[in-house]
Amino acid sequence: GVILYQKFFKDCPKAKALFGFPPDADMDDKELLESNRFTTHAAYMIQMFEAALDMLGPDLELCTEIMKELGKKHLRYNVDDDMYRQMGEALIYAVATLLKDDFTDA
Numbered sequence: 177g178v179i180l181y182q183k184f185f186k187d188c189p190k191a192k193a194l195f196g197f198p199p200d201a202d203m204d205d206k207e208l209l210e211s212n213r214f215t216t217h218a219a220y221m222i223q224m225f226e227a228a229l230d231m232l233g234p235d236l237e238l239c240t241e242i243m244k245e246l247g248k249k250h251l252r253y254n255v256d257d258d259m260y261r262q263m264g265e266a267l268i269y270a271v272a273t274l275l276k277d278d279f280t281d282a
């Protein structure tokens, strides 16, 4: 989760405020990366991805409903389409970084 959010906030600085970080927060600052606020957000995001992936089989309808509700909630936070795109790119970057040579585009 740390790699994901570090990349996301570097690519989408306006999103920092949505998570309670100042716009000028340095995403390479070790103290920030180890802060409770940052690590909590990072861990929660990974838990959400794991839960969504676990529902892709027999609980696809439930997963769809949960994702729709989550999307509505994020609209209230003023999350825009570009932020979703940048989060997706950050997720791919994080997975590629962790998997190294085992990562493929396929």
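Heads up: the sequence shown begins at 177 in my numbering, then just goes up one per residue. From the three backbone atoms N, C-alpha and C, an ideal C-beta is built for every residue, glycine too. Being a predicted model, the structure only gives us computed values, none of them experimental.
Taking all protein chains shown into account, decide if residue i is buried (16 or more other Cβ within 10 angstroms of its Cβ) or exposed.
i, result
"glutamine 262", "buried"
"methionine 221", "buried"
Measure the beta-carbon distance from residue i to residue j and round it to whole angstroms, keeping in mind my assumption that it falls under 8 angstroms.
i, j, result
"phenylalanine 279", "alanine 272", "4 angstroms"
"aspartate 202", "leucine 208", "7 angstroms"
Among residues of its own chain, excluding the 5 on either side of residue i, which ones have a beta-carbon nearer than 7 angstroms to its beta-carbon?
i, result
"methionine 259", "Cys188, Ala191"
"histidine 217", "Tyr181, Phe195"
Quick one: what's got a C-beta closer than 8 angstroms to residue i's C-beta in the same chain, skipping five residues either side?
i, result
"leucine 232", "Cys239"
The ligand COA and residue i: does the residue's C-beta get closer than 7 angstroms to at least one heavy atom of that ligand?
i, result
"glutamate 210", "This structure does not include the ligand COA; it has no bound ligands of any sort."
(Q) Quick test of the definition: if touching needs 3 or more C-beta pairs under 8 angstroms, does the stretch 177-187 touch the stretch 253-267? (A) Enough Cβ pairs lie closer than 8 angstroms, so yes.
**Q.** Stretch pair the stretch 251-258 + the stretch 183-201: three plus CB contacts closer than 8 angstroms
**A.** Yes, the stretch 251-258 touches the stretch 183-201.
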